[in-house]
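Student: Counting from 1, position 95 in the sequence shown corresponds to residue 84 in our numbering; the numbering is continuous, with no gaps. My structure is below; once you've seen it, I'll send some questions.
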Amino acid sequence: MKSLEVGVPPFNCTFMGMMRGVADAFGNPISNPMLYGGSGHAFVIHIHKELCPSGPYCWDRSPVFGLLRNIGLVTEDLGFFGGDAPASRREAVEARLRAEIDAGRPAGLVNMEFQLITGYDETGFLTSQPWPGHDFPPRHLTFGTWSELGHEVHVNFFALAPCDPIDTRRAIAESLRFAIGLYDEPGTYAGPHYGMGPEAYHLWKDALAQHGISHGNWWNATVYAECRRRAGEYFLEVARLTGLAAAEELTETYARVSAALCNASERDASVESKRHWVELAEATEQEAIVKVRILLKALDATQ
-10 MKSLEVGVPP FNCTFMGMMR GVADAFGNPI SNPMLYGGSG HAFVIHIHKE LCPSGPYCWD
50 RSPVFGLLRN IGLVTEDLGF FGGDAPASRR EAVEARLRAE IDAGRPAGLV NMEFQLITGY
110 DETGFLTSQP WPGHDFPPRH LTFGTWSELG HEVHVNFFAL APCDPIDTRR AIAESLRFAI
170 GLYDEPGTYA GPHYGMGPEA YHLWKDALAQ HGISHGNWWN ATVYAECRRR AGEYFLEVAR
230 LTGLAAAEEL TETYARVSAA LCNASERDAS VESKRHWVEL AEATEQEAIV KVRILLKALD
290 ATQ
């Protein structure tokens, strides 16, 4: 049996929980706001046209993987596996995952939620659970069958490693460019039937009449409220690191987006109330992006 001492915090955004655990395992002292903000994830909002709870999961993360490198974390996607994946592919990826663990590096997976693979025993992999007291996602993955994932297997595996971070001001600037890109070219990152950035808000508002009381409305709002709260905290750190007043302004703006999304997540609120809060979040986020553009210009001028 091989087991690594790795903990995962109970973040609503389990991708960020996975990366927090990895950062800690590699001795990367980055703060949670810098992890969310520097990776760009603090600025993501991705919504399905029917408010499916899959919104936070089904988008192209490759630009975020690039930004994670800037702050000292390498994420290598080892491929997608469905329930019909042949045994030879399963054996190959399992061998790579065991090799990563043998080298002292936790690996990762996503099948509904992101988890760390923290070890293995004679029967399978040991996997982290983001929320204590919950049976899902599973804490074990049987070699060969992955039976704990049930009948609908749609899993990606990841190799995770440390690297040297780049200059902090440059990393901040690149994260701001990504945030702006999510608004200027949202279709670049969104999956089919999903919207990113401003398109996400449009789809959300259109879906409320039919899906406003759904689990998906609650979960999307919960995850993205957390992301925007971290965005606000990120800009407080950016202000401290750069001395730019424009960054401190954004702390309050993103806190308002987060508060509006928290209200939109209330299960017992009326659809009309949820619409009000989604519209307020949308308007405040548009205000925020204008300020991000101003901040980026100021930051570029000081480079």
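Yeah, the Cβ is synthetic: ideal placement off N, Cα and C, and Gly gets one too. None of the values given here were measured: they were computed from a predicted structure.
With a CB to CB cut of under 6 Å and the five nearest residues on each side skipped, what residues in its chain are close to residue 233?
Tutor: Hits under 6 Å: 287.
Student: In this structure, does DSSP put residue 149 in helix, strand or coil?
Tutor: In the structure shown, residue 149 sits in a strand (DSSP, three-state: E or B).
Student: Closest to residue 92 by CA distance: which of 108, 80, 103 is it?
Tutor: When each option's Cα is compared against that of residue 92, the closest is 108.
Student: Would you grab the beta carbon distance between residue 148 and residue 65 for me? Rounded to a whole angstrom, and I think it's under 8 Å.
Tutor: Indeed, because the Cβ distance is near 4 Å, the residues count as touching under 8 Å.
Student: Which residues in the same chain as residue 29 place their Cβ atom closer than 7 Å to its Cβ, once the five residues preceding and following it in sequence are excluded?
Tutor: Answer for residue 29: 52, 53, 56, 164, 167, 168, listed in chain order.
Student: What are the start and end residues of each continuous beta strand (DSSP E) run of 3 or more residues lying completely inside the stretch 13 to 46, in chain order?
Tutor: Here the runs fully enclosed are 35 to 37.
Student: Take every Cβ of the stretch 170 to 184, pair it with every Cβ of the stretch 96 to 110, and state whether three or more of those distances are shorter than 8 Å.
Tutor: Not touching, per the Cβ criterion.
Student: Give a yes or no on whether the C-beta atoms belonging to residue 280 and residue 201 are separated by under 9 Å.
Tutor: Cβ atoms of residue 280 and residue 201: not closer than 9 Å.
Student: Whole angstroms is fine: what's the gap from residue 170's alpha carbon to residue 82's?
Tutor: Taking the straight line joining both Cα atoms gives about 34 Å.
Student: Who are the near neighbours of residue 4 in its chain, counting only those whose CB is closer than 6 Å to its CB and skipping five residues on each side?
Tutor: Cβ neighbours of residue 4 beyond the five flanking positions: 103.
Student: Skipping 5 residues on each side, what residues in its chain have a beta carbon closer than 6 Å to that of residue 245?
Tutor: Result list for residue 245: 273, in chain order.
Student: So, helix, strand or coil for residue -7, using DSSP?
Tutor: If DSSP states are grouped into helix, strand and coil, residue -7 belongs with coil.
Student: Can you list, in chain order, the residues of its chain with a C-beta nearer than 6 Å to that of residue 222? Leave out the 5 residues immediately preceding and following it.
Tutor: Closer than 6 Å at the Cβ level, and outside the excluded window around residue 222, lie 22.
Student: Would you say residue 197 and residue 142 are within 9 Å of each other, going by their C-beta atoms?
Tutor: No.
Student: Which of the three DSSP states is assigned to residue 178 in this structure?
Tutor: Coil.
Student: With which residues is residue 108 paired in a DSSP beta bridge?
Tutor: Residue 108 pairs with -8, 115.
Student: Just tell me which of 72, 34, 113 has its CA closest to the CA of residue 90.
Tutor: When only C-alpha atoms are compared, the closest one is 113.
Student: What ranges does the beta strand (DSSP E) occupy inside the stretch 170 to 231, keeping only unbroken runs of at least 3 residues that lie completely in it?
Tutor: Runs of the beta strand (DSSP E) inside the stretch 170 to 231: 183 to 185.
Student: Buried or exposed, going by whether 16 or more other CB atoms sit within 10 Å of the CB of residue 261?
Tutor: Looking at its Cβ environment, which holds fewer than 16 other Cβ atoms inside 10 Å, residue 261 is exposed.
Student: Whole angstroms are fine: how far does the CA of residue 110 sit from the CA of residue 158?
Tutor: Those two C-alpha atoms are separated by around 43 Å.
Student: Decide if residue 8 is buried, meaning its Cβ has at least 16 other Cβ atoms within 10 Å, or exposed.
Tutor: Residue 8 should be labelled buried.
Student: Leaving aside the five residues before and after residue -4 along the sequence, list all residues of the same chain whose C-beta is less than 7 Å from its C-beta, in chain order.
Tutor: Same-chain partners within the cutoff: 10, 13.
Student: Residue 129 by DSSP, collapsed to three states: which one?
Tutor: Residue 129: strand per DSSP, three-state reduction.
Student: Please state if the CB of residue 213 and the CB of residue 278 are separated by a distance shorter than 9 Å.
Tutor: For residue 278 and residue 213, no; Cβs fall outside 9 Å.
Student: Ordered along the chain, which non-local residues of its own chain (more than five positions away) have a Cβ less than 8 Å from that of residue 175?
Tutor: Cβ neighbours of residue 175 beyond the five flanking positions: 184, 185, 186, 187, 188, 189.
Student: Residue range of the alpha helix (DSSP H) that residue 240 falls in?
Tutor: Element bounds for residue 240: 234 to 253.
Student: Sorted by chain position, which residues of the same chain lie with C-beta nearer than 6 Å to residue 219's C-beta, five sequence neighbours on each side aside?
Tutor: Closer than 6 Å at Cβ, skipping near neighbours: 22, 25, 31.
Student: Quick check on residue 88: buried or exposed, where buried means 16 or more other Cβ atoms within 10 Å of its Cβ?
Tutor: Exposed, by the Cβ-count rule.
Student: Let me know the secondary structure DSSP gives residue 97 once reduced to three states.
Tutor: Of the three classes helix, strand and coil, the one that applies to residue 97 here is strand, per DSSP.
Student: Measure from the alpha carbon of residue 79 to the alpha carbon of each residue in 240, 239, 134, then state which is nearest.
Tutor: Answer by Cα proximity: 134.
Student: In terms of alpha-carbon separation, which member of 254, 18, 275 lies closest to residue 203?
Tutor: That would be 254, whose Cα lies nearest to the Cα of residue 203.
Student: With DSSP run on the structure shown, which of helix, strand or coil describes residue 64?
Tutor: Looking at residue 64 - three-state DSSP - the assignment turns out to be strand.
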